[in-house]
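Going by the numbering used here, the letters in the sequence shown line up with residues 500 to 782, in that order.
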Amino acid sequence: MKTTEKIDIRFPKTLAEALRLQAREETRGKLLAGGTDLMVQWASGVPAPGRATSIWNLPELSSIEIFPGHVEIGAGVTHAFLCDCPQIRAHVPALVAAAATVGAKQIQARGTLGGNAANASPAGDTAPALLVTGGSVVLASLSGTREIPLSQFWTAYRQIAARPDEIIVAFRLPQKGKARERFRKIGTRRAQAISKVMAASRILVEKGIIQSAAIALGSVAPTPVRLGAVESFLAGKSLSPAVIDEAERLAQATVQPIADIRSSAEYRRWASGRLVRDALENL
Ligand SMILES: Cc1cc2nc3c(=O)[nH]c(=O)nc-3n(C[C@H](O)[C@H](O)[C@H](O)COP(=O)(O)OP(=O)(O)OC[C@H]3O[C@@H](n4cnc5c(N)ncnc54)[C@H](O)[C@@H]3O)c2cc1C
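Written as structure tokens, this is what we have:
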């Protein structure tokens, strides 16, 4: 670890205690959940903060609740716990598929859904799967809780719509019902790879007609994105080869990826279209 400064880590026992610490600048610390993003950042030279507030294992952030029509997943739920939850697999299967591709087993045992979302990397695996649910994020502070649609949560590269005194407590996600979900990640390897491009989809087809389509991509823009143009094009269309061809073309025309160490912009654009095709052919 390059950092030699000591970090004063506080370990509140309850959410209320954590919120009290975060409420005032003089006591606020960097929120530390599983630490799998933060520890790597600090080790690689990002200056470590003087104070951190551990929210690891806070009981209020650690549960999964199933309600009629939606599920509520605590921000502190780990990827491993998500993968082991049959109800989440039934109601939000793309999220389970995404959680299963985060790092390897050790990282899944420690990394949390809240940490993945708050880290706000465009390559965060769970973001597209969260986005296609049309759900929301629940944030808490000493002044109470508020809910933000996931579509407004990632505001810019590595930026989220949470105030410094807020903690993400849960994700409120509509169940898929009769729709089908899919998640695909393209990386250099099958495991331990950050994505070049990834896609999640939630599409409802009845009697051969697409009733609704939600498709989101990661690693093609500063934030995870929904493909609104493709979704509008698909709604009401029959699921035919010509429609699939056009959806693929439209996706490739819509995205504006950058080139970086993991991939060229051209490959990302081409693969975006192929992932949309894959989602539709899978139906
Ligand atoms: C070897 C390795 C491989 C990895 N592979 C992948 C991969 O394939 N795909 C992928 O997406 N990620 C990967 N990651 C990144 C990381 O494991 C995940 O993003 C993980 O979900 C982060 O969760 P955490 O609880 O460890 O977050 P932390 O490191 O504790 O925190 C991350 C950020 O979120 C903030 N935060 C955490 N919880 C909250 C909350 N409740 N409210 C508000 N802010 C909060 C923290 O302040 C910090 O800014 C990898 C990491 C490692 C070390």
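Even for Gly, the Cβ is constructed at its ideal location relative to N, Cα and C.
Is any heavy atom in ligand 1 found nearer than 6 Å to the beta carbon of residue i?
i      : result
Gly610 : yes
Gly602 : yes
Ile667 : yes
Ala596 : no
Leu537 : yes
Leu531 : yes
Asn781 : no
Ile606 : yes
Asp624 : yes
Gly534 : yes
Gly491 : Residue 491 cannot be examined here, being either before or after the span of the chain that is shown, 500 to 782.
Gly772 : no
Asn556 : no
Gly614 : yes
Ala589 : no
Ala746 : no
Ala617 : yes
How would you label residue i, buried or exposed, when you count the other beta carbons within 10 angstroms and need 16 or more for buried?
i      : result
Gln521 : buried
Phe652 : buried
Glu524 : exposed
Leu774 : buried
Glu680 : buried
Val545 : exposed
Pro585 : exposed
Lys684 : buried
Ile666 : buried
Ala728 : exposed
Met500 : Caution is warranted here: a pLDDT of 46 is assigned to Met500, below 50, making its placement in the model unreliable, and no coordinate value can be reported.
Glu780 : exposed
Gln607 : buried
Trp541 : buried
Val539 : exposed
Ser739 : exposed
When you compare the CB positions of residue i and residue j, do they come within less than 7 Å of one another, or not?
i      : j      : result
Arg725 : Leu641 : no
Leu530 : Ile554 : yes
Arg671 : Gly634 : yes
Ser771 : Ala750 : yes
Gln658 : Gly602 : no
Gly610 : His578 : yes
Ala622 : Ser700 : no
Gly549 : Leu560 : no
Leu767 : Ile743 : The sequence shown places Arg at residue 767, rather than the Leu named in the question. Going by C-beta atoms, Arg767 is not nearer than 7 Å to Ile743.
Ala752 : Leu733 : no
Cys582 : Ala598 : yes
Val637 : Val591 : no
Met697 : Pro756 : no
Arg509 : Thr552 : yes
Lys677 : Ile709 : no
Ile565 : Ile572 : no
Asn615 : Thr625 : yes
#### Entry: Sequence ranges, alpha helix (DSSP H) only - wholly within the region 505 to 538, length at least 4
DSSP runs (the alpha helix (DSSP H)) wholly in the region 505 to 538: 514 to 522.
#### Entry: Those runs of the alpha helix (DSSP H) which lie wholly inside the region 598 to 635 and span at least 4 residues
Qualifying alpha helix (DSSP H) stretches, in chain order: 604 to 609, 612 to 618, 625 to 630.
### Task
Mind listing, in chain order, the continuous beta strand (DSSP E) runs of no fewer than 3 residues lying wholly within the region 634 to 663?
You should have 635 to 640, 643 to 648, 653 to 655.
### Segments of 3+ residues assigned as beta strand (DSSP E) that fall wholly inside the region 679 to 721
Residue ranges of uninterrupted beta strand (DSSP E) with 3 or more members, entirely inside the region 679 to 721 and ordered along the chain, are 679 to 685, 696 to 705, 708 to 717.
### Query
Taking the runs of the alpha helix (DSSP H) that are 4 residues or longer, which of them lie wholly in the region 736 to 771?
Correct list: 740 to 753.
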